[in-house]
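In my numbering, the protein residues as written are 332 to 470.
Working notes, structure below.
Below, the structure is given as structure tokens:
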């Protein structure tokens, strides 16, 4: 499974990589620190899952979410924020977020979500076990 972490905090990016690789097998993880480069990274990496911060120094994660979900075959998007306000959550869900998690309380849930997505997508033939596997596609 291919995973792209888009967050301007290096500490968060590295912590997520560690958590995911400790719990999940057969994952290929890339990171991006800038909202301005996020869509290009999604196009290049073709992730199955994107973990996306809502607020970054150089742009809006909600804007990036909108662009990602307008792709012909968008990945699963997990919005990951330290601003878990209801108005942000409803806006993210409106623009297509698949998950909305609080950085301060939900970080440990991400590996289980990734494992469950991997099981579901493998059963549906949507990804393979290799980094070069199939992209997530909408049904």
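Every residue, glycine too, gets a C-beta built ideally from N, C-alpha and C.
Query, Result
"Contact between the stretch 412-425 and the stretch 438-451 (3+ Cβ pairs under 8 angstroms)", "no"
"Given 8 angstroms, three or more beta-carbon pairs between the stretch 407-420 and the stretch 367-374", "no"
"Member of 374, 335 and 336 whose CA lies at the smallest distance from the CA of residue 402", "374"
"Nonlocal neighbours in the same chain, by C-beta distance under 8 angstroms from residue 464, ignoring five residues either side", "Only weak support is given to the placement of residue 464: the predicted model assigns it a pLDDT of 40, under 50, and the value that follows is read from those uncertain coordinates. Correct list, in chain order: 332, 333, 379 and 458."
"Minimum C-alpha distance to residue 345 - residue among 429, 382, 449 and 392", "382"
"Residue 430 versus 406, 450 and 452, residue with shortest Cα-Cα distance", "406"
"Other residues of its chain near residue 351: CB distance less than 7 angstroms, five sequence neighbours each side excluded", "334, 358, 360, 441, 442 and 445"
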